[in-house]
Amino acid sequence: MVIGIKYCGGCNSTYDRAQEVRRLMADFPGHTWVYAAHGVRQADYWLIVCGCPCICANTDGLEARRKIVTLQCPDDFTAVRSLL
């Protein structure tokens, strides 16, 4: 499964977004992890990693074969594990 990561701009992060992503990656080593920042536009799931409730990250141009999921707090990372 291909999991895409897209971060918001990080202007008002209330938690360590990168640390949460690293934990997910460690928990699911069999998946392929790609980043929108590297120009990738297609994935099975896109995880839109926002640092606060504003959810300002733009998802235009991202194509998910299954779903685009927005994560805005550490609890969201716990919940998304059931999809992966």
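Numbering (the numbering used here), first residue to last: 4 to 87.
Just so you know, even glycine gets a beta-carbon here, dropped at the ideal spot from N, CA and C.
Keep in mind it's a predicted model, so treat the numbers as computed, not measured.
Which of helix, strand or coil DSSP assigns to residue i
| i | result |
| --- | --- |
| Gln75 | coil |
| Thr35 | strand |
Residue i: first and last residue of the uninterrupted beta strand (DSSP E) it sits in
| i | result |
| --- | --- |
| Ala46 | 45 to 52 |
Proximal residues to residue i (C-beta, below 6 Å), its chain only, five neighbours per side dropped
| i | result |
| --- | --- |
| Leu87 | Phe31 |
| Met4 | His34, Asp47 |
| Val83 | Val72 |
Span separating the alpha-carbon of residue i from that of residue j
| i | j | result |
| --- | --- | --- |
| Thr62 | Cys11 | 10 Å |
| His41 | Trp49 | 14 Å |
Delimiting residues of the alpha helix (DSSP H) encompassing residue i
| i | result |
| --- | --- |
| Leu87 | Taken as a continuous stretch (DSSP letters only), Leu87 belongs to no alpha helix (DSSP H), as it is neither H nor E. |
| Ala40 | From DSSP, Ala40 is part of no alpha helix (DSSP H); its letter is neither H nor E. |
Presumed contact (8 Å Cβ cut-off) between residue i and residue j, rounded CB distance
| i | j | result |
| --- | --- | --- |
| Cys53 | Leu74 | 7 Å |
Sequence-distant residues of its chain with Cβ nearer than 8 Å to residue i (five each side left out)
| i | result |
| --- | --- |
| Lys9 | Tyr38, Ala39, Ala40, Trp49, Leu50, Ile51, Val52, Ala60, Thr62, Leu65 |
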